[in-house]
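With the first letter of the sequence shown counted as 1, position 14 gets the number 213 in the working numbering; the numbers rise by one all the way through. Each residue gets a CB set at the ideal place from its N, CA and C atoms; glycine is no exception.
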Amino acid sequence: MSEQILKACKELIDDAKVGCADLVFKEICLETLSRARNVLPDKQFNQLVAYTAEKMKDKISFEVQPELTIQG
Numbered sequence: 200m201s202e203q204i205l206k207a208c209k210e211l212i213d214d215a216k217v218g219c220a221d222l223v224f225k226e227i228c229l230e231t232l233s234r235a236r237n238v239l240p241d242k243q244f245n246q247l248v249a250y251t252a253e254k255m256k257d258k259i260s261f262e263v264q265p266e267l268t269i270q271g
């Protein structure tokens, strides 16, 4: 059961990463982690924390990339 919950949490994080603005994405991450803490064993919760941290880094690095321009 906890594997299914962990998978669902990861899917929520992935969906939020794709479809939300940065502030909303962070809020969803924090809310998901807060709720997951109550239902996941420590090992899986720590996996989710690491997964979420990686997705947050990906989101940040994606947003700060300079726009590509064609100079001709």
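Helix, strand or coil at M255 [DSSP, three-state]: helix
Spatial distance of T231 from P240 (CA atoms): Straight across, the Cα-Cα distance linking T231 with P240 is about 15 Å.
CB contact flag (K254, K216, <7 Å): It is a contact, given that the beta carbons lie within the stated cut-off.
C-alpha distance - D252 paired with I227, whole-angstrom precision: Position check: residue 252 holds Ala in this sequence, whereas Asp was assumed. When rounded, the distance between both Cα atoms is 13 Å.
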